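*Asks:*
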Amino acid sequence: MFKLTQLKRTKTIFYDHSSIFFWIYQKRYRFKNSFYSIYKRCKYVISLIPFENNYLFKRWGINSILMDNLNTYEYDSVFPSKLIESNIIMVGRGEDEYKRFDLGIKAMEYIVKAIPNCSMNIISNPTSKLIKLVDFLRLNENIKFIGFIKDPAIFYQNSSLHIMPSLTEAFPMVLSEAKIYGIPSIICGLDYLVLAKGGTVILYDDKPNIIAKEAIKILKNDSYRRKLGKEARESMKKRKNKYIVKKWIKMLVTVFYGEQYYNDKSEKISQNEINIILNKLITNNYVIYFSINLLRIVGIQLLYICVMGYQLLPCNQLRISNLLQLVH
2 MFKLTQLKRT
12 KTIFYDHSSI
22 FFWIYQKRYR
32 FKNSFYSIYK
42 RCKYVISLIP
52 FENNYLFKRW
62 GINSILMDNL
72 NTYEYDSVFP
82 SKLIESNIIM
92 VGRGEDEYKR
102 FDLGIKAMEY
112 IVKAIPNCSM
122 NIISNPTSKL
132 IKLVDFLRLN
142 ENIKFIGFIK
152 DPAIFYQNSS
162 LHIMPSLTEA
172 FPMVLSEAKI
182 YGIPSIICGL
192 DYLVLAKGGT
202 VILYDDKPNI
212 IAKEAIKILK
222 NDSYRRKLGK
232 EARESMKKRK
242 NKYIVKKWIK
252 MLVTVFYGEQ
262 YYNDKSEKIS
272 QNEINIILNK
282 LITNNYVIYF
292 SINLLRIVGI
302 QLLYICVMGY
312 QLLPCNQLRI
322 SNLLQLVH
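Letter 119 of the sequence shown, counting from 1, is numbered 120 in our numbering, and no numbers are missing.
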């Protein structure tokens with residue numbers, strides 16, 4: 002891939018989920034190279050985590066740019082949760098062992114003893130392992146697997162607590178979604194996340210009974226729950242998509258043509274063009290599509306795109322269906 006980009010004298014930007022995931026990628030995709038072997042060939046690395054952004058430059062002198070992902074939902078277009086139901090929500094890829102949905106399920110065993118009418122909606126395609134766990138704990142009346150749905154908005158609106166027991170994350174979209182709906186979140190560690198502050202309770206002991214203890218406190222204490230919910234939503238005010246899009250446009254144009262070109266060009270980028278991109282975003286794995294189209298509307302010809310760090314595709318042959326097959 003890099004020989005080809007060097008031959009064409011193409012500037013290379015590596016969009017980094019996070020180098021802290023390298024050990025996961027080694028196991029899942031059988032990566033043999035270190036992330037540094039990829040980074041050192043790139044002019045810039047886009048990162049989602051602040052400490053990694055600083056680490057890459059201090060250790061290797063690599064130009065790293067800290068960026069935000071776009072929000073799934075527009076801040077001003079949602080009706081926040083009223084936080085009146087004893088409903089808990091977990092969202093994500095249940096088949097991914099690093100999401101650790103089993104911890105949330107085990108916590109429910111303790112929660113329902115204190116709040117018998119408490120329910121948990123899991124927005125994910127269930128695995129046989131998770132289904133068996135729910136059966137074993139006799140929680141079928143309290144835990145429902147909703148399956149994968151494109152728009153879980155109604156479930157956010159009816160939830161009072163979000164639990165994200167992931168072992169590791171970079172920029173978890175489910176956390177931003179919960180925050181936009183004004184829902185308190187419990188996360189395990191992960192204090193390095195950009196979204197960690199504001200309406201989020203960070204637990205450094207991830208035992209199910211510890212998670213349950215905090216969940217019970219939030220669900221039973223109305224004023225505490227509403228305080229966290231307000232903080233969650235307030236924390237997303239400055240992360241509205243209109244601000245994030247402008248940040249991405251400035252980064253992409255500046256990298257390719259320099260700051261002066263951006264200053265000259267930025268006034269010609271209409272809000273209508275930006276809205277077209279926003280309206281066509283695909284939930285999950287939309288960043289690649291988003292980036293390609295941003296480059297096009299600012300007049301940059303993108304020749305190739307690298308998917309997951311190891312597969313290079315000509316952009317003129319790229320289709321969204323192909324992207325989804327590759328990234329999932």
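All residues carry an ideal CB built from backbone N, CA and C; glycine is no exception.
Because the structure is a prediction, the values reported are computed rather than measured.
Using three-state DSSP, classify THR128 as helix, strand or coil.
*Replies:* Translated into positions along the sequence shown, residue 128 becomes position 127. Three-state result, THR128: coil.
*Asks:* Quick one: Cα of ASN141 to Cα of LYS251, how far?
*Replies:* Numbered from 1 along the sequence shown, position 140 holds the residue referred to as residue 141. Numbered from 1 along the sequence shown, position 250 holds the residue referred to as residue 251. So the alpha carbons of these two residues sit roughly 50 Å apart.
*Asks:* Per DSSP, what are the beta-bridge partners of ILE89 in this structure?
*Replies:* Within the sequence shown, the letter at position 88 stands for residue 89. BP columns for ILE89 point to MET121 and LEU162.
*Asks:* Is DSSP giving SER78 helix, strand or coil here?
*Replies:* Start at 1 with the first residue of the sequence shown, and residue 78 comes out as number 77. Reduced to three states, the DSSP call for SER78 is helix.
*Asks:* How would you label TRP61, buried or exposed, when you count the other beta carbons within 10 angstroms and need 16 or more for buried?
*Replies:* As a first step, residue 61 must be located in the sequence shown, where it is residue number 60. The residue in question, TRP61, is exposed, as its Cβ has fewer than 16 Cβ neighbours within 10 Å.
*Asks:* Would you mind giving the Cβ-Cβ distance between ILE164 and MET91, rounded to the nearest angstrom? I have them listed as a contact below 8 Å.
*Replies:* In the sequence shown, counting from the first residue as 1, residue 164 sits at position 163. In the sequence shown, counting from the first residue as 1, residue 91 sits at position 90. Correct: roughly 5 Å between the Cβ atoms.
*Asks:* In chain order, what residues of the same chain have a beta carbon less than 7 Å from the beta carbon of PHE80, not counting five sequence neighbours either side?
*Replies:* Indexing the sequence shown from 1 puts residue 80 at position 79. Around PHE80: GLN158.
*Asks:* Measure how close the beta-carbons of SER1 and LEU204 come, nearest whole angstrom, since I'm counting them as under 8 Å.
*Replies:* Past the boundaries of the shown model lies residue 1; the chain is included only from 2 to 329, so the question cannot be answered.
*Asks:* First and last residue of the beta strand (DSSP E) that includes SER186?
*Replies:* As a working mapping, residue 186 is identified with position 185 in the sequence shown. Here the beta strand (DSSP E) through SER186 covers 186 to 189.
*Asks:* Determine whether the beta carbon atoms of ILE111 and PRO209 lie at a separation below 9 Å.
*Replies:* Within the sequence shown, residue 111 is the residue found at index 110, counting from 1. Within the sequence shown, residue 209 is the residue found at index 208, counting from 1. Checking the sequence shown, residue 111 turns out to be Tyr, not Ile. Contact flag set, yes.
*Asks:* Are the Cβ atoms of ASN118 and ILE147 separated by less than 9 Å?
*Replies:* Along the sequence shown, read from residue 1 onward, the residue named residue 118 stands at position 117. Along the sequence shown, read from residue 1 onward, the residue named residue 147 stands at position 146. Cβ atoms of ASN118 and ILE147: not closer than 9 Å.
*Asks:* In three-state DSSP terms, what is PHE156?
*Replies:* Here the question's residue 156 lines up with position 155 in the sequence shown. If DSSP states are grouped into helix, strand and coil, PHE156 belongs with the helices.
*Asks:* For ASN126, is the classification buried or exposed, using 16 other Cβ atoms within 10 angstroms of its Cβ as the cut-off for buried?
*Replies:* On the sequence shown, residue 126 is found 125 positions in, with the first residue counted as 1. Result: exposed.
*Asks:* Report buried or exposed for PHE58, applying the criterion of at least 16 other Cβ atoms within 10 angstroms of its Cβ.
*Replies:* Residue mapping note: residue 58 aligns to position 57 of the sequence shown, counting from 1. Classification for PHE58: exposed.
*Asks:* I need the straight-line Cα distance from SER224 to SER78, nearest angstrom please.
*Replies:* Taking the sequence shown and counting its residues from 1, the one referred to as residue 224 is at position 223. Taking the sequence shown and counting its residues from 1, the one referred to as residue 78 is at position 77. So the alpha carbons of these two residues sit roughly 25 Å apart.
*Asks:* Measure the C-alpha to C-alpha separation of VAL135 and LYS248 and round it to an integer number of angstroms.
*Replies:* Taking the first residue of the sequence shown as position 1, residue 135 is located at position 134. Taking the first residue of the sequence shown as position 1, residue 248 is located at position 247. For VAL135 and LYS248, the distance between alpha carbons rounds to 43 Å.
*Asks:* Would you give the residue range spanned by the alpha helix (DSSP H) that VAL113 belongs to?
*Replies:* The residue labelled residue 113 in the question sits at position 112 within the sequence shown. Per DSSP, VAL113 belongs to the alpha helix (DSSP H) from 102 to 115.
*Asks:* Leaving out the 5 sequence neighbours to the left and right, which residues in its chain are closer than 8 Å to ILE124 when beta-carbon positions are compared?
*Replies:* Indexing the sequence shown from 1 puts residue 124 at position 123. Taken in chain order, the residues that qualify are ILE90, MET91, VAL92, GLY93, ILE147, GLY148, PHE149, ILE150, PRO153 and PHE156.
*Asks:* How many angstroms separate the CA atom of THR284 from the CA atom of THR201?
*Replies:* As a working mapping, residue 284 is identified with position 283 in the sequence shown. As a working mapping, residue 201 is identified with position 200 in the sequence shown. Model confidence at THR284 stands at a pLDDT of 34, short of 50, so the residue's coordinates are unreliable and nothing is read from them.
*Asks:* I'd like the list of long-range same chain contacts for LYS107, defined as Cβ closer than 6 Å, with 5 residues on each side in sequence excluded.
*Replies:* Numbered from its first residue, the sequence shown carries residue 107 at position 106. PRO209, listed in sequence order.
*Asks:* Express the C-alpha separation of VAL246 and ASP69 in angstroms, rounding to a whole number.
*Replies:* To locate residue 69, count along the sequence shown from 1; it is residue 68. To locate residue 246, count along the sequence shown from 1; it is residue 245. The alpha-carbon atoms of ASP69 and VAL246 are separated by roughly 9 Å.
*Asks:* With respect to the alpha helix (DSSP H) encompassing VAL175, which residues constitute its N-terminal and C-terminal limits?
*Replies:* Stepping through the sequence shown from its first residue, residue 175 is reached at position 174. Its alpha helix (DSSP H) spans residues 174 to 181.
*Asks:* Under a CB-based cut-off of 9 Å, is LYS238 close to chain C?
*Replies:* No chain C is present in this structure, which holds just one protein chain.
*Asks:* If ALA233 and GLY183 are in contact, beta carbons under 8 Å, what's the gap, nearest whole angstrom?
*Replies:* Taking the sequence shown and counting its residues from 1, one reaches residue 233 at position 232. Taking the sequence shown and counting its residues from 1, one reaches residue 183 at position 182. Confirmed, about 6 Å.
*Asks:* Indicate the three-state DSSP secondary structure (helix, strand or coil) for THR255 in the structure shown.
*Replies:* Within the sequence shown, the letter at position 254 stands for residue 255. The answer is helix: DSSP assigns THR255 an H, G or I state.
*Asks:* Which residue comes first and which comes last in the beta strand (DSSP E) that contains TYR330?
*Replies:* Past the edges of the chain, shown from 2 to 329, lies residue 330, and the structure says nothing about it.
*Asks:* Along the chain, where does the beta strand (DSSP E) containing ASP65 start, and where does it finish?
*Replies:* Here residue 65 corresponds to residue number 64 of the sequence shown, with the count starting at 1. The identity of residue 65 in the sequence shown is Ser, whereas the question assumes Asp. Note, SER65: beta strand (DSSP E), 65 to 67.
*Asks:* Round the Cβ separation of TYR74 and ILE181 to the nearest angstrom and send it over; I've been treating them as touching at under 8 Å.
*Replies:* The residue labelled residue 74 in the question sits at position 73 within the sequence shown. The residue labelled residue 181 in the question sits at position 180 within the sequence shown. Yes, they are in contact, since the Cβ atoms of TYR74 and ILE181 sit about 5 Å apart, within 8 Å.
*Asks:* Thinking just about the alpha-carbon of each residue, which of SER236, LEU220 and LYS228 is nearest to the one in GLY199?
*Replies:* Counted from its first residue, the sequence shown places residue 199 at position 198. Per the Cα distances, SER236.
*Asks:* By the DSSP assignment, the beta strand (DSSP E) with LYS145 in it spans what residues?
*Replies:* As a first step, residue 145 is located in the sequence shown; it is residue number 144 there, counting from the start. Residues 144 to 146.
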